[in-house]
Structure formats: structure tokens, C-alpha cells
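A.B. asks: For the sequence shown, the residue numbers in this note's numbering are 1 to 451. The beta-carbon is built from N, C-alpha and C at its ideal position, and this holds for glycine as well. Predicted, not measured: the structure shown is a model, and the values here were computed from it.
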Amino acid sequence: MDILTLNEYLNRTVYGLPMKLVFLLVGAYLVVFCIRWFSAPLRMLRVSFSETFGAIRERAYGFGGQITPFQATMVALSATLGTGHLLGMLAAVLVGGPGAVFWMWLGYFFGTGTKFAEATLAVHFRRRYADGSVSGGPMHYLARGLPRLRFLAYLFALFAAVAAFGIGNLAQAGAVGGALGPLGAPPALVGLFLALLVGAVLGGGVVRVARFAQVVVPLKLLLFLTALGPLLVLYGGQIPQALALVFRAAFTPEAALGGAAGYSLLAAINAGLGRGIFANEAGLGSAAIAHAQAQVDHPVRQGFWGVTEMFVSFLVTSLTALTFIASGLWQEGGTAAEAAGTLFGAHPLGGAVLALTVAVFALGTMVSWGFYGEEAAAFLFGEGIRWPYRLTFAVLAFVGPLGGLEAFLAVSDTLNGLMAFPNLLGLLLLGGVVGRLVYGFFRGEPWTPPR
Numbered sequence: 001m002d003i004l005t006l007n008e009y010l011n012r013t014v015y016g017l018p019m020k021l022v023f024l025l026v027g028a029y030l031v032v033f034c035i036r037w038f039s040a041p042l043r044m045l046r047v048s049f050s051e052t053f054g055a056i057r058e059r060a061y062g063f064g065g066q067i068t069p070f071q072a073t074m075v076a077l078s079a080t081l082g083t084g085h086l087l088g089m090l091a092a093v094l095v096g097g098p099g100a101v102f103w104m105w106l107g108y109f110f111g112t113g114t115k116f117a118e119a120t121l122a123v124h125f126r127r128r129y130a131d132g133s134v135s136g137g138p139m140h141y142l143a144r145g146l147p148r149l150r151f152l153a154y155l156f157a158l159f160a161a162v163a164a165f166g167i168g169n170l171a172q173a174g175a176v177g178g179a180l181g182p183l184g185a186p187p188a189l190v191g192l193f194l195a196l197l198v199g200a201v202l203g204g205g206v207v208r209v210a211r212f213a214q215v216v217v218p219l220k221l222l223l224f225l226t227a228l229g230p231l232l233v234l235y236g237g238q239i240p241q242a243l244a245l246v247f248r249a250a251f252t253p254e255a256a257l258g259g260a261a262g263y264s265l266l267a268a269i270n271a272g273l274g275r276g277i278f279a280n281e282a283g284l285g286s287a288a289i290a291h292a293q294a295q296v297d298h299p300v301r302q303g304f305w306g307v308t309e310m311f312v313s314f315l316v317t318s319l320t321a322l323t324f325i326a327s328g329l330w331q332e333g334g335t336a337a338e339a340a341g342t343l344f345g346a347h348p349l350g351g352a353v354l355a356l357t358v359a360v361f362a363l364g365t366m367v368s369w370g371f372y373g374e375e376a377a378a379f380l381f382g383e384g385i386r387w388p389y390r391l392t393f394a395v396l397a398f399v400g401p402l403g404g405l406e407a408f409l410a411v412s413d414t415l416n417g418l419m420a421f422p423n424l425l426g427l428l429l430l431g432g433v434v435g436r437l438v439y440g441f442f443r444g445e446p447w448t449p450p451r
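Pasting the structure below:
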């Protein structure tokens, strides 16, 4: 069996329905038994708001880290808000029908517990250095929280460091080149711009990455609203019917669609859960690397910022899906790119607004994933690997718009999915730690970092 055949088998496994159900069950376990949101949901919502949007002007809490909780969330959102929220969401509806949106929402709900736990553990087990900087994420909470299973930390770090080159770099750079190409931008020039920008931002460490994210995330949201706003006005009258169709088609898609479209319940579940899990990266553990950098006096505070990250991601995917369903274009079939071209063809600015939005979404993802990969590589090989990793990342950013390296992209996509295996196992085994931290936080107990 050659490497590509093996990779294809592994890819089907890590992105298959059984694995998606594992994501869902781990999230449900954390929500119900560890975080216990259902025991006092109103209090949880009130505290979540007060610790995030209600404290957004607070620069920092406590000690450790070089960026504020808000900045750490911006770094995570910069990576999370990618092309999957646009083209990926259209693809999910095309494959699974409107019912896929309901299953996406279910994935988001339980994925919120997963993201909360990841952010909380990332701060609790992060490593602090003498200069006040920190390093954290799944590789650290797996190594420090489960010392007998330390090999899981090295597996995660290896998967993340290599996956960042492909799914976090080449694929995103290719998306930027593909979006700007029809507007007349030469691929080589796009690649040079990306290499210089990404190299300059990563060269400044987490502080410069955070400052970049503070600019690019609002820009992403502004472009998203500019792109989708006129379409929401155009199809706004059909939104209530689209919502009703989502719930009808969630369990009986054939009946809801009159049996003409050929959607099945299994296709709706598979496509919807896929978007509800992989669009927001809950369970992959990548965003925890950003949340670990926050200057915060209790890990649970940053856990609530993880919930905020999920909420923003949820709004973007949901608005995209409902607008697409309301337009009726999902019934015409075709690819996601074709559907996007038709959908945004009704926009006053035409396809240019979609191209620019896709390009900025992909660019923000590149920078944050460059930082993720660098942190993972530093865990494996020490601090001396940072600049070689950054330079390699910049070179690949130049190559991305030119095309090629499809085999490496396929392998990195699989490695991206494989990150979930050690991370989800770690979340299950460390769920009790999350529960104790949540309990102590609401009792007002001070946080004591592990030695």
C-alpha cells in the first residue's frame, strides 16, 4: 500500500461519520457532566456575558502571557473564520440539504463545551517562562496533565506542526490566489505579497500576531456583512420559510422536499455535523494554543472567551446557510464554487465582493495557523526551531498561489483531522479537572497553577 492510498483510507476514517459522532459525544460529556451548564443555564449565560463582552475593555487579568483575553480570542477567531464558513457551508447544504443546518447547530452546541474545556485546560497547564511569556495548548495539557500518556502530546504537536504547512498555509494561500486571480492579480505577485506579510507578522511573535488579528477579524466580519447584507435584504422575506424547512428536513428530508431532491437523513447528519465540528475547530485543539496566551487570573475566564469564539463562528455559518436556503439556489445543485458565484451574482458589487471576502478570510487563517504550527514545533524541537519554521512557512505561502504539491496537501488535511485523536482522548481524561476548575471559579476560590 503506497502512502497516498494509506492517506486516503485515513482521511475517510478521521472525517467519517463515526468520528463525528465521537466529537459529539465528547462535547456532550463535557457539557453535561463536567461544565454542567444544564444545572444553572441562566447563571452560566449571565457569567459568560459578563466575563467576555461585559469585560471587553479590560486589558488583562492576573499574570502570565503577553496578550489580553480578548486578543487571544481574536487570534483564535482569525484562524477559525475561514473559507469553510462560506464555501464549506454552501457545500454542506448542497450535499445534505437544508436539514444539514440543524445538525450543524447540534454540533456547535456540544462543540461549545469542547472549546470551553480546551481554552480552560490550555491556561491551566500552560508553561510559563522567566520573561513572562507562556506556551500552551493540547501538547502542554496532554504532557503535564497526563504524564503517563505523554506520547499523546508529541503526536498532537507533530500533527499540528506539519498540518499547519498544508491546510493552514498552502490551502489558504491557494484560496487567496484563486479568489484574486479572476480580478487580474498574477499568482506570483500574490504569493510574494503573502510571503512577505506572513513572514513579517510571524516574525514579531505572538504580540504582533495578536495585533494583526485585532485588525483582520473585524475586517473579516465587515466584509462578511458587506457581502451578505444585500442578499439578506433581497431574500429576507424567505428566511422564516428557510428556518421552517431546516427543522422539517432535519429528520425527514425526503418528505420535506417531496422526495425529488434525493437527500437522505444520513447525508444531512453527516454534512451538518461536519460543518458544526470542523468549521469551528472545536475538538481539534488548535484554538487552545491561542487561548493559552491570555493574561488571565483564572482558566475558566478564558473558557468563556472560547464560548464567545464559537458564538461568532455560529452566527457566520448560520447566516450564510439561511441566506443560501432562502434564495432557493440550493435546489439547483452543482459545486459550492458554482453556487457561490450564482448567489453573489445578485450582489450589487458582483463577484468581486465574494472574492475579496474569501481572500481576507484565508489570509487571517494563514497567520494564526503559522503561529499554531510554530508553537507545536517549539514543543517538539525547542525554541531554536522558531525562525526556521517561520521562514519555511513564508516560502510555502509564496508557493501556494502557484499551485502544485497536491499530495502534500492531501496528507496535511489528514494530519489536521488526526489532531483530534490525542486531543479528544485528553479532554475525556481531563474532564474532571475542568469540572473542578468550574466549581472553584463559581465558589470564588483562587486558582493555583499546577507545579
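#1: Do the segment 416 to 426 and the segment 189 to 203 meet, that is, are 3 or more Cβ pairs less than 8 Å apart?
#2: Which one or two residues does DSSP pair with residue 135 in a beta bridge?
#3: Quick check on the burial criterion: 16 or more other C-beta atoms within 10 angstroms. Buried or exposed for residue 436?
#4: In terms of DSSP beta bridges, what is residue 294 paired with?
#5: Could you compute how far the alpha carbon of residue 219 sits from the alpha carbon of residue 349?
#6: Flag this pair as touching only if the segment 109 to 118 and the segment 332 to 342 have three or more C-beta atom pairs under 8 Å; answer yes or no.
#7: Quick one: residues in its chain with C-beta nearer than 6 Å to the C-beta of residue 281, no 5 flanking neighbours on either side, listed in chain order?
#8: Would you report the Cα separation of residue 137 and residue 439, rounded to the nearest angstrom?
#9: In angstroms, rounded to a whole number, what distance separates the CA positions of residue 390 and residue 130?
#10: Throw me the rounded Cβ distance for the residue 174 and residue 403 pair, which I believe falls under 8 Å.
#11: Run through the segment 68 to 116 for me and flag every whole alpha helix (DSSP H) of 4 or more residues, listed as ranges in chain order.
#12: When burial is assigned at 16 or more other CB atoms within 10 Å of the CB, is residue 5 buried or exposed?
#13: The ligand ZN and residue 390: does the residue's C-beta get closer than 7 Å to at least one heavy atom of that ligand?
#14: Is there contact here, the segment 304 to 313 with the segment 207 to 216, by at least three beta-carbon pairs under 8 Å?
#15: How do the segment 149 to 168 and the segment 361 to 378 stand: do at least 3 beta-carbon pairs fall below 8 Å, yes or no?
#16: Which runs of the alpha helix (DSSP H) fall wholly inside the segment 370 to 419 and span at least 4 residues, in chain order?
#17: Taking all protein chains shown into account, decide if residue 37 is buried (16 or more other Cβ within 10 angstroms of its Cβ) or exposed.
#18: Please report the distance separating the alpha-carbon of residue 119 from that of residue 171.
#19: Which residues bound the alpha helix (DSSP H) around residue 318?
#20: Check whether the Cβ atoms of residue 183 and residue 355 lie closer than 8 Å to each other.
#21: To which residues of the same chain is residue 48 closer than 6 Å at the C-beta, ignoring the five residues directly before and after it?
#22: Quick test of the definition: if touching needs 3 or more C-beta pairs under 8 Å, does the segment 139 to 149 touch the segment 309 to 318?
#23: At which residues does the alpha helix (DSSP H) containing residue 8 begin and terminate?
#24: Taking residue 71 and residue 210 to be in contact with their CB atoms under 8 Å, please state how far apart those CB atoms are, rounded to whole angstroms.
#25: Where do the N-terminal and C-terminal ends of the alpha helix (DSSP H) with residue 342 fall, by residue?
#26: How should residue 387 be labelled, buried or exposed, when 16 other C-beta atoms within 10 angstroms of its C-beta is the threshold for buried?
#27: Check the C-beta distance from residue 89 over to residue 248 and give it rounded, since I have them as a contact under 8 Å.
#28: Between which two residues does the alpha helix (DSSP H) carrying residue 277 extend?
#29: Mind checking which residues open and close the alpha helix (DSSP H) that includes residue 239?
#30: At the level of alpha carbons, what is the spacing between residue 400 and residue 126?
#31: In whole angstroms, give me the CA-to-CA distance for residue 98 and residue 44.
#32: If residue 371 and residue 166 are in contact, beta carbons under 8 Å, what's the gap, nearest whole angstrom?
#33: In three-state terms, what does DSSP make of residue 281?
#34: Compare the beta carbon distance of residue 14 and residue 368 with 8 Å and say whether it is the shorter of the two.
#35: Roughly how many whole angstroms lie between the Cα atoms of residue 21 and residue 27?
#36: For residue 299, which of 124, 78, 111, 413 has the nearest alpha-carbon?
C.D. replies: Short version:
#1: The answer is no - the segment 189 to 203 does not touch the segment 416 to 426, with fewer than three Cβ pairs under 8 Å.
#2: Answer is 127.
#3: Answer is exposed; the Cβ neighbour count stays below 16.
#4: Residue 294 is bridged by DSSP to 67.
#5: 17 Å
#6: Touching, no.
#7: Scanning its chain for C-beta atoms nearer than 6 Å, with the 5 sequence neighbours on each side dropped, one finds around residue 281 the residues 80, 287, in chain order.
#8: 22 Å
#9: 23 Å
#10: Indeed, because the Cβ distance is near 7 Å, the residues count as touching under 8 Å.
#11: 69 to 80, 87 to 96
#12: exposed
#13: The ligand ZN is not part of the structure shown, which contains no ligands of any sort.
#14: no
#15: yes
#16: 386 to 399, 406 to 418
#17: Label assigned to residue 37: buried.
#18: 26 Å
#19: Unbroken alpha helix (DSSP H) run through residue 318: 299 to 327.
#20: yes
#21: 304, 307
#22: no
#23: Counting along the chain, the alpha helix (DSSP H) containing residue 8 begins and ends at 3 to 14.
#24: 4 Å
#25: 336 to 344
#26: exposed
#27: With 8 Å as the limit, residue 89 and residue 248 do not qualify as a contact, their Cβ atoms being about 19 Å apart.
#28: 265 to 278
#29: 239 to 249
#30: As the crow flies, the alpha-carbon of residue 400 is around 33 Å from that of residue 126.
#31: 31 Å
#32: Residue 166 and residue 371 do not touch by the CB rule: their CB atoms are close to 16 Å apart, not below 8 Å.
#33: Of the three classes helix, strand and coil, the one that applies to residue 281 here is coil, per DSSP.
#34: Not a contact, by the Cβ cut-off of 8 Å.
#35: 10 Å
#36: 124
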